[in-house]
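Comments concern the structure below.
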Amino acid sequence: MEKILIYGGKKLSGEVNISSAKNSILPIIAASILCDKECVIENAPMLEDVFVICEILRILNSNIKIDEENKRIVIDNSNLTLAEPSTELVRKMRASFLIMGPMVARFGKFKISLPGGCNIGTRPIDLHLKGLAALGVDINIEHGYVEANTSKLKGSNIYLDFPSVGATENIIMASIFAEGETIIENAAEEPEIVDLAKFLNSMGANVIGAGTDKIRIIGVKELKGTVHKPIYDRVEAGTFMVAAAITRSKIKINNVNHEHVKPIIAKLTEMNVDIHTMGDSIIVDGNRDLKPVDIKTMPYPGFPTDMQAQMMALLCTVNGTSIITETMYENRFMHTPELKRMGAKIKLDGRSAVIEGVQKLTGAEVKTTDLRAGAALILAGLAAEGCTKIGDIYHIDRGYVNIENKFKSIGGNINRIEE
Ligand code: EPZ
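Going by my numbering, the first residue of the sequence shown is number 7, and it counts up by one from there.
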């Protein structure tokens, strides 16, 4: 069993390069289903979740070449078929459901296992299905499967009760070839939506307004091949920004789009962390007297839920009382008991966590419950006195490329061990 072993208390220094965004490349690989010409993705992050979605497309007879050394993925979907990916594979990763929209757009029908919830929440798909139905798709849910059928996709006006990222992405992809115009209101505004639209438009689609809460898609007949370089991962960048703060160090982070990490810069600045932007790099100096803050996770451009666990780890080390409110998921505090094993003082009350900063965290044996909780435990381990051993690190490999080597390259005493 692989574990991560950290001896904490060391200052970090130097610079680290951020990889491309997991939450951008997953919908983009799904969107390649819409095109029967070759699509190339450059600077692709070689992540577990990327391998899973490629495995699912291969079951649909997609011809995918993954060149790990050059970080390139070449996808040829000219011979795609209507196969049925196994439930076990689909349930490995919720984002698998993102192939529903493009498959229905291409074949007029598709059947896939319900993605099911995950550790952080029930993760419903009602908004995805409502959007597909509005486009003229018949949806049937039985025996744990979603079956979609349509004779013709027609553009429609869709209002999302909640600015769901996945629902926005699925509806955009489903409407690419629909007759007429589709309008999505109260759409998600995340940078990953903008990147998906850029990918689709580079293939000849007509997606207007991505990045705002109103997106228009004018149906086209077909798409051509393209070469695309996804945006950098704003959550990985934020994780390293917090690493500088929690170890009270100064580091340089390269490959950062400052606009995408604005809510994180604002919150860390409020804590008295010193942050300078320089081109597509950012210099973060946490070696200061940090202040407690309150955080409420919100859809973009609010504070990202995917940075909540990492910020909780940081606030555990900051003198004073901080309050975190998690509005996006009903169960995204599973890192709390693990942080408490390291001496953190946290009280949970429904969707809020009250954190009392402590003088120091102490190393302990802890378990990863989900991707970002794992990142938070690494951050806590880097700051804690003594040795921290983190189990179930497969969660972390889903969303971070080579995480221990990246931290090692900036001075972290961190290793992946076999136990
Ligand atoms: C995406 O998930 C990200 N994943 C998540 O990142 C991220 O936390 C989330 O967006 C919010 O930013 C990918 O992009 C692959 P949602 P997604 O649909 O699309 C409600 C990570 O750590 N909802 O915006 O599933 C539901 O309550 C992962 O990288 C419905 O009610 O997020 C959900 O909790 C974790 N009905 C909330 O919206 C629906 O049909 C946010 O979901 C869909 C969503």
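Heads up, the beta-carbon is just placed ideally off N, CA and C, and yes, glycines get one too. On a predicted model such as this, the values are computed, not experimentally measured, just so you know.
Three-way DSSP call (helix, strand, coil) for residue i in this model
i      : result
Leu321 : helix
Lys227 : coil
Met179 : helix
Met284 : strand
Ala359 : strand
His401 : helix
Thr331 : strand
Ala140 : helix
Arg78  : strand
Ile409 : helix
Ile24  : coil
Glu336 : coil
Ile129 : According to the sequence shown, residue 129 is Arg rather than Ile. Coil.
Cβ neighbour criterion (16 or more within 10 Å) applied to residue i
i      : result
Ile147 : exposed
Val279 : buried
His282 : exposed
Ala89  : exposed
Asp201 : buried
Ala184 : buried
Glu265 : exposed
Gln365 : exposed
Ile330 : buried
Val233 : exposed
Leu67  : This sequence places Asn at residue 67; Leu is not what is there. Exposed: under 16 other Cβ atoms inside 10 Å.
Glu75  : exposed
Thr218 : exposed
Thr87  : exposed
Lys28  : buried
Asp312 : buried
Gly400 : At residue 400 the sequence reads Tyr, which differs from the Gly that was named. Classification of Tyr400: exposed, given that the 10 Å Cβ count is below 16.
Proximity test, Cβ basis, 8 Å: residue i and chain B
i     : result
Thr87 : This model lacks chain B altogether, as it is built from one protein chain only.
Any non-hydrogen atom of the ligand EPZ within 7 Å of residue i CB
i      : result
Arg129 : yes
Tyr151 : no
Lys28  : yes
Phe339 : no
Val171 : yes
Leu133 : yes
Met304 : no
Ala139 : no
Asp403 : no
Ala101 : yes
Leu40  : no
Asp312 : yes
Tyr238 : no
Arg378 : yes
Val241 : yes
Phe309 : no
Phe168 : yes
Ala194 : yes
Leu63  : no
Leu383 : no
Leu32  : yes
Ile94  : Rather than Ile, the amino acid found at residue 94 in this sequence is Glu. Every heavy atom of the ligand EPZ is 7 Å or more from the Cβ of Glu94, so no.
Tyr335 : yes
Residues of its chain near residue i, where Cβ-Cβ distance is below 6 Å and the 5 sequence neighbours each way are ignored
i      : result
Ala203 : Val213, Ala216
Asn49  : Ser26, Lys77, Lys235
Ala250 : Ile257, Val290, Gly292
Lys43  : Lys230, Gly231
Leu321 : Ser328, Ile361
8 Å CB neighbourhood of residue i in its chain, flanking five on each side removed
i      : result
Lys346 : Ile352
Cys124 : Arg100, Asp376
Ser170 : Leu133, His134, Ala194
Val267 : Arg240, Ala243, Gly244, Met247, Ile288
Asn69  : Ile81, Asp82, Asn83, Ser84, Asn85
Ile62  : Pro91, Leu95, Val96, Ser102, Ile105
Same chain, Cβ closer than 7 Å to residue i, neighbours up to 5 away in sequence not counted
i      : result
Ile72  : Cys60, Ile79
Leu104 : Leu32, Pro33, Ala36, Gly172, Glu175, Asn176
Gly417 : Lys16, Lys17, Leu18, Ser19, Gly20
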